[in-house]
Amino acid sequence: MTFAAVGLLGPSDIRALASRLGVRPAKSLGQNFVVDSGTVRRVARLGVVDDGGGLGCVEDRLALGSGVAARVVEVGPGFGSLTLALLEAGAEVVAVEIDPLLARALPETVAQRAPSLTGRLTVVEADALRVDSLPGTPPQVLVANLPYNVAVPVILRFLERFPEIERAVVMVQAEVSDRLVADPGSRVYGVPSAKRAWFASARRAGGVGRAAFWPVPRVDSALVVLERRDPPETTAPREEVFAVVDAAFSQRRKMLRSALATWAGGVARAEEVLVRAGVPPTTRGERLGIDDFARIAEAARSTTTQGSNDAH
219 MTFAAVGLLG
229 PSDIRALASR
239 LGVRPAKSLG
249 QNFVVDSGTV
259 RRVARLGVVD
269 DGGGLGCVED
279 RLALGSGVAA
289 RVVEVGPGFG
299 SLTLALLEAG
309 AEVVAVEIDP
319 LLARALPETV
329 AQRAPSLTGR
339 LTVVEADALR
349 VDSLPGTPPQ
359 VLVANLPYNV
369 AVPVILRFLE
379 RFPEIERAVV
389 MVQAEVSDRL
399 VADPGSRVYG
409 VPSAKRAWFA
419 SARRAGGVGR
429 AAFWPVPRVD
439 SALVVLERRD
449 PPETTAPREE
459 VFAVVDAAFS
469 QRRKMLRSAL
479 ATWAGGVARA
489 EEVLVRAGVP
499 PTTRGERLGI
509 DDFARIAEAA
519 RSTTTQGSND
529 AH
């Protein structure tokens, strides 16, 4: 669905921008810029135009007088190829960019390519892993093209810091996508899968060809759509639940009574906590869902309280 005429960026446009700005893609930042208009429109459609999720249909949001289809935070906009597609789809965009050259150039690119939509763009020059607040109305959607080394931390941080985010659409390395969407029992189920489940459900929304990026990466990529859901009902704080997750997968091949020994303060106490939580001590972490980890954290709190009472 198009709301305004926008000149999207193609491969030659992005190379010309890179040349003019003197920007060379940095491996240290995992910079592989999206150059395919079909891909960015696909991402924008998943993020902005409702596909049955909780955002409500675009027409309804516009009719309510907001004037925008969604408030989007985009992490790592680069030269602006995806930013333009989001604006085209009717979104209001807060773009978080760590590279100062790219951050300063983005408003100019939007002014040239979509002059009527410049008022819908705000650029924040910052490291996404250190962002605690954003200007204006809180975002409803997170959209990002994320490098391998920061993908999961960025996703978890934004879901934690911005509870108003109802949906996330991320382009990540295919291996990361598999881990994000994995269910308990899967070979690739682990810490990213379990922690993601605290905040959101996840599904893979198809692959992204290597030719969609410049420079062309050596790995395949994929789209993941996350939909916010309520966390487990538990008295244990999220930090304590995540500590259990980390401990359970720190020694993946071990049974939980052994894997959790250091965390619990010994094998015997780990077994006591697991029994109280209703989890067989011989189970391995890869078999447990986030609700199970929450029960373990809650059981640890209750056994600590019981031990304190017994001491008195």
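Read in order, the letters of the sequence shown are residues 219 to 530 in my numbering. Built from N, CA and C at the ideal position, the CB exists for glycine as well. Since the structure is predicted, the reported quantities are computational estimates derived from the model, not experimental observations.
Bounds of any beta strand (DSSP E) do not take in Gln469, whose DSSP letter is neither H nor E.
With 16 or more neighbouring CB atoms inside 10 Å of its own CB, Asp254 falls in the buried class. Excluding the 5 residues flanking it on each side, Val485 has same chain C-beta neighbours closer than 7 angstroms at Arg475, Ser476, Ala479, in chain order. Cβ neighbours of Asp509 within its own chain (closer than 7 angstroms, five residues either side excluded): Pro450. Using a C-beta cut-off of 8 angstroms, the segment 395-404 makes contact with the segment 435-448, since at least three inter-stretch Cβ pairs fall below that distance.
Burial is judged here by how many other beta carbons sit within 10 angstroms of a residue's own beta carbon; Ser411 has at least 16 and is buried. With 16 or more other Cβ atoms from the protein chains shown falling within 10 Å of its own Cβ, Pro365 counts as buried. Distance from the CA of Ala488 to the CA of Val462, rounded to the nearest whole angstrom, comes to 11 angstroms. Nearest neighbour of Ala287 by Cα position, chosen from Arg471, Leu492, Arg513, Pro357, turns out to be Pro357.
Residue state for Arg260 is assigned as helix, using DSSP reduced to three classes. Arg289 is positioned such that its CB atom lies no closer than 8 angstroms to that of Val224. In its chain, beyond the 5 residues on either side, Thr336 have a beta carbon closer than 7 angstroms to the beta carbon of Ala329. Gly425 is bridged by DSSP to Ala440.
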